[in-house]
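Okay, so the sequence shown: first residue is 779 according to this note's numbering, each after it adds one.
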Amino acid sequence: MSQVIIRKKAPSNYRLFAICPGGLDQILKKEVEALSAPILDVYPGGVEFEGNLELAYRACLSLRTASRVLLMLQESKKIFQPDDLYAAVKLVDWPRVFSPNCTFAVYFTETQKKGRRENVNTQYWALKAKDAIADRFMERYAERPNVDRADPDITVRLHLHDQILKIYLDLSGNSLHERGYRVEVGEAPIKENLAAGLLLLAGWDVAAKEKTPLLDPFCGSGTLLIEAALIATNTAPGLLRHRFGFFSWRDHQPKLFERVSEELKAKRILDPAELPMIFGSDASLDMIRISEKNCERAGMAEFIKLTQARFEETEAFQRKGLIVTNPPYGVRLDEAEALVAVYQAMGSTLKHKYKGWTCGVITSEPKLLHAIALKPSKKWVLHNGGLESIYSLLQMY
Ligand SMILES: C[S@@+](CC[C@H](N)C(=O)[O-])C[C@H]1O[C@@H](n2cnc3c(N)ncnc32)[C@H](O)[C@@H]1O
C-alpha cells in the first residue's frame, strides 16, 4: 500500500519543477533566481522551486532555457508495483484539477528501479495511472474524460525515483521551446531553449546591455538570432505563445495571467537606439529567406540584419563582438569527415579576421572542434536533442 507524504497544493505555495536540456541546469537556476523564487533543489535536468500562481505564470512565460514547467500535485512513497501507483494516483482529487470535458494524456518516467518487485514496462505504469484518473472521475460524475495523446488539454506527468512517485500537472502543455515563431526550418535546427542557453552561457545577456554586436555566421533558420533579439529586447519568450497547459486547469486565473503578461510586455526594450546590432549570415539564400520569415513572425525583424555569405568570405565589422553559432555537423562518421574542411576554414577565418572577438560554437563531434584549431577557454557538455554535444568558448586574440 502506498503512503502519501504531502499533498502539494497550498494555493499560495506550489512546488514547481522546471525541466531543461541536460547541461543547462545552472543557467536555468540563475533564471529561476531572477524570478526571486526560492530554489528547493537542482538536478542535472531541472530545477525545483517554490512559488504561488503568479510566479508559476511568470516561470512559464519568462524561462528561456526551460522546456517544461510542472506543478506538483502529490508525492507518494513506497510505490513498488503498478497497483501501488494506481492507489496513489487515485488519491488525487482529479475532478478538482480538471473538468471531465477536457481531454488528457499521462506520461510516466523513472530514474531508478531499486527494490522494484515487478518488472513491467513504463507504458503499463502510465496506463494504470490513466485508469486511476478515469476511475476517480467515474466515481464523481459517472463519466470520464477522454484520452488524447496528440493534443491533450491536460497533461499529467509522473516520475518514479526510488519508489517515490511525484505526480505533476504539466503547466506548459507543448514544450516551451515551441515559441511559435519558427514555422519553417532548414537542416538540423537547434531548439529554441537550447539556443537561448548557448547565448546565456556565452554571457550575451550582459554583452547585449553593453551593446556588443552579435553574429551567427551559420544562421540557418535564424533561431540563435531570434533568441538573441528576445534576450536583448527583454522579451519574455512565452509572450509569443498562444496556448499553455494551464489554460484547461480549474485553478487557472485568466485575469491574473493577463496581468502578468501585460507587466512583462511593458518591460520590453523596443527602441533600436538602445539595442545592440544582431547579424546573421548563411551560405544558402534559401536559409536567409526562411530566417527573414521567422524573424518577422517573432516580431524581431527590425533588430536583426541578414545577408547571404560564406563565413570564410566575411570580415569583422567591429573591433570586438560575440559569435554564437551552430555550424553544420555530421551525425555519422563519414559526414563528420566531410565537414573537417568547413571547420578548418572556420578556425582560420576566426583567427585571422575576427581578432578581439569571442565565439561560442556547438558541435557534436570532438574531431570537428579539433579542426577549428583554437583552444577553448571554456567547455560544456550539453544535450542537443538525442545528441551529446560540446559547446566551447573560443577567444581570438
Ligand atoms: C546546423 S545549420 C544551422 C541551424 C540553425 N542554428 C537553425 O536553428 O536553423 C548550419 C547552416 O550552416 C550553413 N553553412 C554551411 N556551410 C557554410 C559556410 N561555409 N558559410 C556559411 N554558412 C554555411 C548551412 O546552409 C546551414 O544553414
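Built from N, CA and C at the ideal position, the CB exists for glycine as well.
The nearest non-hydrogen atom of ligand 1 is less than 8 Å from the C-beta of P967. The DSSP-derived three-state label of S1170 is strand.
Distances from the CB of S999 to the heavy atoms of ligand 1 include at least one below 8 Å.
At least one heavy atom of ligand 1 lies less than 8 Å from the C-beta of Y1107. According to the DSSP assignment, A907 belongs to the alpha helix (DSSP H) that extends over 900 to 919. Residue range 846 to 855 is occupied by the beta strand (DSSP E) that includes R846.
Sorting V875, N1162, G1023, L905 by C-alpha distance to the C-alpha of D929 places G1023 at the top. Taking R874 as the centre and dropping the five residues before and after it, the same chain places the C-beta of R1028 closer than 8 Å to its C-beta, in chain order.
Across the structure, L848 and E809 are spaced so that their CA atoms are roughly 16 Å apart. Beyond the five residues adjoining it in sequence on each side, Y902 comes within less than 8 Å, by CB distance, of P860 in the same chain, given in chain order. Between Y864 and G1077, the alpha-carbon positions lie close to 46 Å from each other. The beta carbons of G1016 and L839 sit about 3 Å from each other, so the pair counts as a contact at 8 Å. Secondary structure at Q1086: strand, using DSSP grouped into helix, strand and coil. Going by beta carbons, I1009 and A1044 fall outside the 9 Å limit. Per DSSP, the continuous alpha helix (DSSP H) segment holding G975 begins and ends at 970 to 979. In the DSSP assignment, R935 falls within the beta strand (DSSP E) that extends over 932 to 939. CA-to-CA, the gap between N1104 and L947 works out to about 34 Å. Judged by beta-carbon spacing, A1114 lies beyond the 9 Å limit of L949, meaning their Cβ atoms are not closer than that value.
One thing to note: A912 has its Cβ no nearer than 9 Å to the Cβ of T1136.
Membership of D1060 in any alpha helix (DSSP H) is not indicated; the residue belongs instead to the beta strand (DSSP E) covering 1056 to 1060. For E826, the enclosing beta strand (DSSP E) has its first and last residue at 824 to 829. Around the Cβ of P1054, a 10 Å sphere holds 16 or more other Cβ atoms; the residue is buried.
DSSP places E956 outside any alpha helix (DSSP H), giving it a letter other than H or E.
Here G1138 carries a strand assignment [DSSP, helix/strand/coil]. Distances taken from the Cβ of F996 to the heavy atoms of ligand 1 include one shorter than 8 Å.
Within the model, the alpha-carbon separation for V825 versus L806 is close to 7 Å. Contact between A883 and D926 holds, with the beta-carbon distance rounding to 6 Å and staying under 8 Å. With respect to the 9 Å criterion, A1087 and P995 are classified as neighbours on the basis of their beta carbons. Note on geometry: alpha-carbon atoms of P816 and E828 lie some 6 Å from one another.
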